Amino acid sequence: MSRRHLDPNERKHVQRLFRHPLFAALSDLRLAAILLAVLAITAAVGTWIESHFANLGSIETGQVAVFDLVYDAPWFNALLGLLFSNLLANLVRRLQGGRQASGPLLVHVGVLVILAGAGVTRWCGYEGLMHIREGEASSVLTSKEVFAVVADDEDEAPLPVRLYRPGAQTHRQRVELGGETLTLGVTEYWPRFARRLEPGDGGIAGVELTATGAHAPAVHTLYQGDETRIGHVAVRFHTDDLPAVADGEPAVADGSSAPLDFARRDDAVVMRASFSLTVGSRQGEDDRKVPAGDVVTVETGQLIRGGDGFEIMVNDVAASLVEGGGPSTDPDAPEAARITVEKDGERVDAICVQGDKAKTVELSGQRYRLRYGPVLSELPYEIALEDFVLETYPGSDNPASYESHVLLSDPEHGISGRPVRIWMNHPLTHRGTKHFQSSYDPDRQGTILSVNRDPGKLPTYIGYTVISLGFLVILVQTVIRRVITLRALAGAAALIATWALAAAGSAEAQEPRAGGGPPGPPRVILSPANLESASRLIVQDYHGRMKPFDTLAREMAMKITRSTRFEGREPAAIFLGLAMHPEAWYDHPVVFVKNPGVQKLLGVDHSVRHVPLSSLLQESGYRLRDVVGEAHRTPSYRRDKTQQKLIVFDERVHLFFGALQGNFLRIFPVPDDPGNTWQTIEKVLETLPPHDPRGGEFRVAAGTLFEGLLAGDDVRIGEGLRRVHELQRRYGAAVIPTQLRIDAELMLNRTRPFLLSTVPYLLGFVVLIVAFFVGLLSRHGGVWSWRSPLYLLGMLAFLAGFGLHLWGFVLRWIASARGPLSNGHESLLWVALTVALAGVLFELISRTAAVGALASLLTAVTLGVSMLGTFDPSIGPLRPVLASYWLNIHVTVITAGYGFLGLSCLLGLLTMVLFLVDWGRPRPATVRAVGLLDTLNVDVMVAGLGLLTVGTLLGGVWANESWGRYWGWDPKETWALVSILLYAMILHLRWIPGLANPFVQAAGSFLAIWSIVMTYFGVNYLLMGMHSYAAGDKVAIPLWATVSGLLSIGFCSVVYRAWSGRRNSWRGDVPAGGVSPTS
5 MSRRHLDPNE RKHVQRLFRH PLFAALSDLR LAAILLAVLA ITAAVGTWIE
55 SHFANLGSIE TGQVAVFDLV YDAPWFNALL GLLFSNLLAN LVRRLQGGRQ
105 ASGPLLVHVG VLVILAGAGV TRWCGYEGLM HIREGEASSV LTSKEVFAVV
155 ADDEDEAPLP VRLYRPGAQT HRQRVELGGE TLTLGVTEYW PRFARRLEPG
205 DGGIAGVELT ATGAHAPAVH TLYQGDETRI GHVAVRFHTD DLPAVADGEP
255 AVADGSSAPL DFARRDDAVV MRASFSLTVG SRQGEDDRKV PAGDVVTVET
305 GQLIRGGDGF EIMVNDVAAS LVEGGGPSTD PDAPEAARIT VEKDGERVDA
355 ICVQGDKAKT VELSGQRYRL RYGPVLSELP YEIALEDFVL ETYPGSDNPA
405 SYESHVLLSD PEHGISGRPV RIWMNHPLTH RGTKHFQSSY DPDRQGTILS
455 VNRDPGKLPT YIGYTVISLG FLVILVQTVI RRVITLRALA GAAALIATWA
505 LAAAGSAEAQ EPRAGGGPPG PPRVILSPAN LESASRLIVQ DYHGRMKPFD
555 TLAREMAMKI TRSTRFEGRE PAAIFLGLAM HPEAWYDHPV VFVKNPGVQK
605 LLGVDHSVRH VPLSSLLQES GYRLRDVVGE AHRTPSYRRD KTQQKLIVFD
655 ERVHLFFGAL QGNFLRIFPV PDDPGNTWQT IEKVLETLPP HDPRGGEFRV
705 AAGTLFEGLL AGDDVRIGEG LRRVHELQRR YGAAVIPTQL RIDAELMLNR
755 TRPFLLSTVP YLLGFVVLIV AFFVGLLSRH GGVWSWRSPL YLLGMLAFLA
805 GFGLHLWGFV LRWIASARGP LSNGHESLLW VALTVALAGV LFELISRTAA
855 VGALASLLTA VTLGVSMLGT FDPSIGPLRP VLASYWLNIH VTVITAGYGF
905 LGLSCLLGLL TMVLFLVDWG RPRPATVRAV GLLDTLNVDV MVAGLGLLTV
955 GTLLGGVWAN ESWGRYWGWD PKETWALVSI LLYAMILHLR WIPGLANPFV
1005 QAAGSFLAIW SIVMTYFGVN YLLMGMHSYA AGDKVAIPLW ATVSGLLSIG
1055 FCSVVYRAWS GRRNSWRGDV PAGGVSPTS
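Laid out in structure tokens, this is it:
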């Protein structure tokens, strides 16, 4: 279909429109860059606002604050509207001008569609919660927002409020209720509320007593209706007057139950005892005898004594107390608000705690109920809960999955009792509304469904798809522009084949062998066959994971001794030795200690690295009990380095103690256990009846194995291991991992491919970076041939590291039976892998040696960080909400983007280093290198931005399919958006005159990586939110981060001076304006 051309009149009108000052300003790329920067800064500040108010109350308090101040504020909506208009105007201008590229066009159109869909969702959708108990039905939707509510017997009137600032409030609004006009308001708010009773008319009586005398001092507070026991005396505070006394009731003998009764009488509190009392003061003044059965007025400061050492002090007494309260420091304390209602000039108020029952007040002779919380609305259908099913990981209480079996009834649609199963990522959809499995009651007898109606889902998903297609087109166009020659591909294939042969030999050579070592506790000697058999025993850890015994032994050895081959012993032999010879290990230095502060507490020299358990115990118990307790009580943000390391050391001690007791040898399946629990031999035998023949099987298997280990009898050890394997297959086959998974995990343990791959990575970096600088001085323009021995050696090392790395990642995937992306250690492994993959791809395209060198270095560093003690490398169970293929795709793509952008950062750094190398008049070879690095940097950044954007959008799909909300402005997703906006702004700067130069690209890519660091690490530890580990604590920005950020800015400032002095000499092939094929 041919394109229609405008006639002269139409063209004149269009040109007049484009020349209009308002349209010209609205379509200016400089405005686009400013709007992207302002939006990024605003969103970033919003996360700190949320964290600040969350520290005052709860995560929900922070969310209310940031939505009220930022995300739902009119000015923020105006900012989004202006960005939408700028983007639309730019598209119109460039489409009419005939200047468009298909990839960027799709990306920008997709953004417009997403913004439109978000508007539909916000203004036309709703969400809430539905709580249903087993055997009951519900058609009631509970709002997620909270309200101040006034109600009478017929109806209620809500006032929407967003409360987050503690203290006085000014919310007031007229509402209609029962045909009358009331003024409803909130005058005070507590994000964390502590209930207290305060003096006031119309309340209840109360008394505070301190029990002294022969009994342990204790404070007892009683209100009307309460009772307690002090020694042998039963103390009661009656709601009405004192009960009648039976005629002739005697004093009660020592040791019997002796009642002491309190009650309110007129405006005083009185008491009566069934035994004689002495009432006076602590100084003994005005003491008087009170016979049993006499009534006494209670006053503050009285000392009341009875027989058998009974003695109480009256601390306080009040005849009328009303409910009050004030701020609380308890992070779990509820929210509360003082709600007022006015009518005809009369006003009453009540403190309403969120989630509590309504408070009844009287106004102008009429009763009203006040409450603070969500409002309820009726749905036109009903859902009944037949059964709630929760499955746990074998032998643990950790949820593996949970689901609701419900019956849907909707008479208007002819539906009655339709059975439906709702579980994680599989919602019930009815009448355009989705019902997601959100949570459940603590007793597991009720379900909580998240209910969501989202008419904007379709346009939003269309926008997601269009953006993804746009970035795919951009990537294809980039590759086409830099076609890889067949010779390069052939060379790469030859290198991969060479690596495959080398890796196969390397893996075979890495088999561990038992060996000798320094003397110590008796060694458990295992033949190679028995060592292999013991390593393949399946053990169940306390999280419910089934894993080879070799894995458990290595994890425990590493955690306790910080070495998997302590004193040259095999991990399995170490762990069996701990259980077989605990007395020998008791005095042997095993528990790792390195921190000088902890060493000082233990009284050992700084050169000591391991201490024995015996040195930590004394007659009164554990030596470190008090200091460890103090460290745990100290808020995490106040703990010094010694306290932090002390807590870690204490965990090592307890693990070692448990290993000596054999608590972790859960290698025996409990027969007929519905939870597939595995236990130690002692606990398994406890579960079996005394004469159960299966008990004999377990006794024989365990006895043969343990006696063989104690005696060092290789034959009996082998027989015992065979019997245990047989018991595991017979009684635990349902949860035993497949042979492939066991083989993969053992291979992963023994070869340690991630550590091994760092060696060729670092070698590749050294060789390739030398090749890059050699290329600057050569005649071939810095583009290398595969025939060059130097370049070939560097690429062989790089590809060898990449192959080992990929092999280890596949092994971990097989061993965990899921994508290894569920924790910090695994995600870093994937980020490192994507950095290497990006390096391979762009190095094969450019053959400059720079990309390969930088990718090798960054990959090795990332792998090294993943092996730090901060990240637990063990494979753990997966939470139900994480068991989604959408999550796997989301994490895979977004963290791949982190890898590409990390490589872009290093390309920017290398470019700036070249500016410094040729500070004066730059040489032509350096200028060519800068131009090439600048072009590569743009391509890598575009690829990284595409992956980051698509990964973030896929995270929205996962969230929407899991709980019905694809964007909630959580700090994690907000900082992902900040990173997207920041990198988009940097790329758009290339098409603004005056900013289109390699320095801006280099400095931007170098500094922008801090947004990725904040997204990946900072959100987890510095902010409060769904992805945060800092909940309840105020965490300061680490000193190293502040210093590093300032040094980065300072470095860029120095480079700017070097570049700006000769900026015309550094001018490359970057256009000064126009439309970028990747903008």
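Count along the sequence shown starting at 1, add 4, and that's the number in this note's numbering. Backbone N, C-alpha and C define an ideal beta-carbon position, used for all residues, glycine too. Computed from a predicted structure; not experimentally measured.
The three-state reading of DSSP puts Gln665 in coil, since its state is none of H, G, I, E or B. Across the set Leu797, Met751, Thr742, the C-alpha of Leu797 shows the shortest separation from the C-alpha of Phe769. In this structure the stretch 850-870 touches the stretch 763-777; the number of beta carbon pairs closer than 8 Å is three or more. Assignment of Met751 by DSSP, reduced to helix, strand and coil, places it in the helix class. In the three-state DSSP reduction, Glu690 falls in the helix class (H, G or I). Looking from the CA of Thr191, the closest CA among Asp938, Cys356, Ser966 belongs to Cys356. The beta carbons of Phe440 and Asn456 sit about 7 Å from each other, so the pair counts as a contact at 8 Å. Ala715 is classed as exposed because its beta carbon has fewer than 16 other beta carbons within 10 Å across all chains shown. His135: member of the beta strand (DSSP E) spanning 130-137, first to last residue.
Pairing Asp334 with Pro170, the inter-Cα distance amounts to about 15 Å. Under the criterion of beta carbons closer than 8 Å, Ser1052 and Ser1015 do not qualify as touching, at roughly 12 Å. Separation of Val1017 and Gly572 (C-alpha to C-alpha, rounded to the nearest whole angstrom) is 39 Å. Restricting attention to Pro586, Arg627, Val608, the CA atom closest to the CA of Ala663 is found in Pro586. Note that the C-beta distance between Arg422 and Glu407 is not below 8 Å. Within a 10 Å sphere around the beta-carbon of Gly906 sit 16 or more other beta-carbons, which makes this residue buried. Excluding its 5 nearest sequence neighbours in each direction, Asp205 has C-beta neighbours in its own chain below 7 Å: Ser324, listed in chain order. With respect to Ile990, Ser1009 sits close: the two C-beta atoms are nearer than 8 Å.
Membership of Leu181 in any alpha helix (DSSP H) is not indicated; the residue belongs instead to the beta strand (DSSP E) covering 171-181.
Distance from the Cα of Phe27 is smallest, within the candidate group Arg629, Pro221, Val96, for Val96. Boundaries for Trp788: no alpha helix (DSSP H) harbours it, and the DSSP string shows neither H nor E there. Counting along the chain, no beta strand (DSSP E) covers Leu530, and no H or E run does either. The continuous alpha helix (DSSP H) containing Val855 extends over residues 854-870. Per DSSP, the continuous alpha helix (DSSP H) segment holding Leu582 begins and ends at 575-584.
In the structure shown, Tyr376 adopts extended strand secondary structure according to DSSP, grouped into three states. When Leu918, Trp923, Val728, Gln544 are compared, the shortest CA-CA separation from Asp938 is found for Leu918. Between Val345 and Val154, the beta carbon gap of about 5 Å places them in contact (Cβ cut-off 8 Å). Counting the other Cβ atoms within 10 Å of the Cβ of Pro1042 gives fewer than 16, which makes it exposed.
Comparing alpha carbon positions, the residue from Ile136, Ala1062, Leu1011, Gly66 closest to Leu1050 is Leu1011.
Taken in chain order, the complete alpha helix (DSSP H) segments of 4 residues or longer contained in the stretch 948-1020 are 975-993, 1002-1017. Contact between Val237 and Leu226 is absent: CB atoms are separated by about 13 Å, not below the 8 Å threshold.
The stretch 378-391 makes contact with the stretch 135-154: 3 or more CB pairs, one atom from each, lie closer than 8 Å. For Tyr795, the closest of His614, Leu810, Arg851 by C-alpha to C-alpha distance is Arg851. Using a Cβ distance threshold of 8 Å, Ile879 and Gln732 do not count as a contacting pair. When the alpha-carbon of Leu35 is set against those of Arg196, Leu993, Gln1005, the nearest one is in Leu993. Lys461 sits buried, since 16 or more C-beta atoms from the chains shown fall within 10 Å of its C-beta.
Non-local beta-carbon contacts of Val294 in its own chain, meaning distances under 8 Å to residues more than five positions away in sequence, involve Ala277, Ser280, Leu281, Thr282, Val283, Val300 in chain order.
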